[in-house]
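S.K.: For reference, each letter of the sequence shown is one residue, going 1 to 256 in the UniProt record's numbering.
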Amino acid sequence: MPFLETDAGRAYYRHWAAPDPRAAVIFLHGFGEHTGLYHRYGFALNAAGVDLWAVDQFGHGLTPGDRGDFTTLEASIGLADRLAELAEAERSGIPLVAQGHSFGAVATLWKLLADPAPYRAAVISGAPLVPVPGLVDANSTFEIAPSQLSADPFYLDAMENDPLAFVDADGGPLARELDRGWDSFGATLPTLAAPTLAVHGVNDPIAPVGAVRAYAEQIESLSIVEIPGGGHDILNDVTHREVAATVLDFIGQHVG
């Protein structure tokens, strides 16, 4: 089984490989998820000549840790950095695209704002850019109804029956790290330099689209595509083919 070795610990990862990739996406998932939920997305990218590298973050999937505890934003960024190193070692000079969903989107933005290298562009989805109800209290237990995430039967079945997926956990560590992003984004997001696409469900109840839309109107490097009827886990919703096509169009525009 493939594991990354990092200063913060071991982490399981997956690589969906295209025969002759023109780009590689480095992906960080969201709360309660793991990389095994993204096979469809990986295959969609591969069919268009794009590699997908994704890691089970700490406290998720096959990576050790307390359930639902990503530890820190820096730890998540460190995992993505190691994946980027592997991608570059396998194919020198390949253009890299950073991508994150939900908490992974916050970590991706945190990385880009500090130093966008080695990424040419970025994609975020379900990005909670302002405080999420139920997570403003660090002592809360965060619980999500699967129906808030997606309307796709395959994904809902996985979230309810996959032993590696979950919809509830101690919300304290998650709230602590999200709060760091919320405290800084008002001042730092306008400095975003890397071309970044936000793909967001119009009906997302976890991270309402209005906050992302408002930032996109102010930040030249941030564009948004709103998916009508889409929920929070837009990469695994009933419109997943449309979403994958939108991401691939963006990648083609920015990395060829």
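Even glycine gets a Cβ: it sits at the ideal position worked out from N, Cα and C. Computed from a prediction, not measured in an experiment: that's the story for all the values here.
(1) Within the same chain, show all residues whose beta-carbon is closer than 7 Å to that of Gly42, passing over the 5 residues directly before and after it, in chain order.
(2) Let me check understanding here. Comparing Cα to Cα, which of Ala24, Gly93, Ala80 and Arg213 lies closest to Val225?
(3) Taking the alpha helix (DSSP H) that Phe154 falls in, what are its first and last residues?
(4) Which residues does DSSP pair with Trp16 in a beta bridge?
(5) Here's a check: name, in chain order, each residue in its chain whose Cβ is nearer than 6 Å to the Cβ of Val123, leaving out the five neighbours to either side.
(6) Does the contact criterion of 3 or more C-beta pairs under 8 Å hold for the stretch 149-165 versus the stretch 224-239?
(7) Grouping DSSP H, G and I as helix and E and B as strand, with all else coil, what is His232?
(8) Could you tell me which whole beta strand (DSSP E) segments of length 3 or greater appear in the stretch 177-219?
(9) For the beta strand (DSSP E) containing Tyr119, name the first residue and the last one.
(10) Cutting at 7 Å between CB atoms, please list the residues of its own chain near Thr6, excluding the five before and the five after it.
(11) Nearest CA to the CA of Pro133: which residue from Leu164, Leu156, Asp179 and Ala117?
(12) So, with DSSP's three-state summary, where would you put Pro81?
(13) Alpha carbon to alpha carbon, how far is Phe31 from Ser147?
(14) The alpha helix (DSSP H) that contains Glu242, what's its start and end?
(15) Can you give me the C-alpha to C-alpha distance between residue 259 and Ser125, rounded to a whole angstrom?
(16) Sorted by chain position, which residues of the same chain lie with C-beta nearer than 6 Å to Leu164's C-beta, five sequence neighbours on each side aside?
(17) Between the Cα of Ala23 and the Cα atoms of Gly181, Ala121, His200 and His29, which residue gives the shortest distance?
(18) Ignoring anything shorter than 4 residues, give me the alpha helix (DSSP H) runs that lie fully in the stretch 22-67, in order along the chain.
(19) If distances are taken between C-alpha atoms only, which option among Leu129, Leu156, Val199 and Gly9 comes closest to Pro64?
(20) Return the chain-ordered list of same chain residues with a C-beta closer than 6 Å to the C-beta of Ser104, the five sequence neighbours on each side being excluded.
(21) Using only CA atoms, which one of Leu109, Ser102 and Ile94 lies nearest to Gly49?
(22) Kindly identify the DSSP beta-bridge partner or partners of Asp237.
(23) Just to confirm the assignment, what range does the beta strand (DSSP E) spanning Phe70 have?
(24) May I have the straight-line CA-CA distance separating Ala193 from Val199, to the nearest angstrom?
M.R.: So, from the listed chains and residues:
(1) Trp16 and Leu52
(2) Sorting Ala24, Gly93, Ala80 and Arg213 by C-alpha distance to the C-alpha of Val225 places Arg213 at the top.
(3) Pro153 to Asn161
(4) Leu52
(5) Gln99, Leu197 and Val247
(6) yes
(7) coil
(8) Residue ranges of uninterrupted beta strand (DSSP E) with 3 or more members, entirely inside the stretch 177-219 and ordered along the chain, are 196-201.
(9) Tyr119 to Ser125
(10) In chain order, Gly78, Leu79 and Arg82 place their CB closer than 7 Å to the CB of Thr6, counting only its own chain and leaving out the 5 sequence neighbours on each side.
(11) Asp179
(12) First, the amino acid is wrong: residue 81 is Asp here, not Pro. Residue state, collapsed to three classes: helix.
(13) Looking at the two C-alpha atoms, the distance is approximately 15 Å.
(14) His240 to Val255
(15) In the structure as shown, the chain starts at 1 and stops at 256, and residue 259 therefore has no counterpart that could be examined.
(16) His34 and Gly61
(17) Ala121
(18) Counting only runs of 4 or more, we get 39-47.
(19) Gly9
(20) Reading off the sequence shown, one finds Gly at residue 104, where the question assumed Ser. Exclusion of the five residues before and after Gly104 leaves Leu28, His29 and Gly30 as the residues of its chain whose Cβ lies within less than 6 Å of its Cβ.
(21) Ile94
(22) According to DSSP, Asp237 bridges with nothing at all.
(23) Unbroken run through Phe70: none, as it is neither H nor E.
(24) 18 Å
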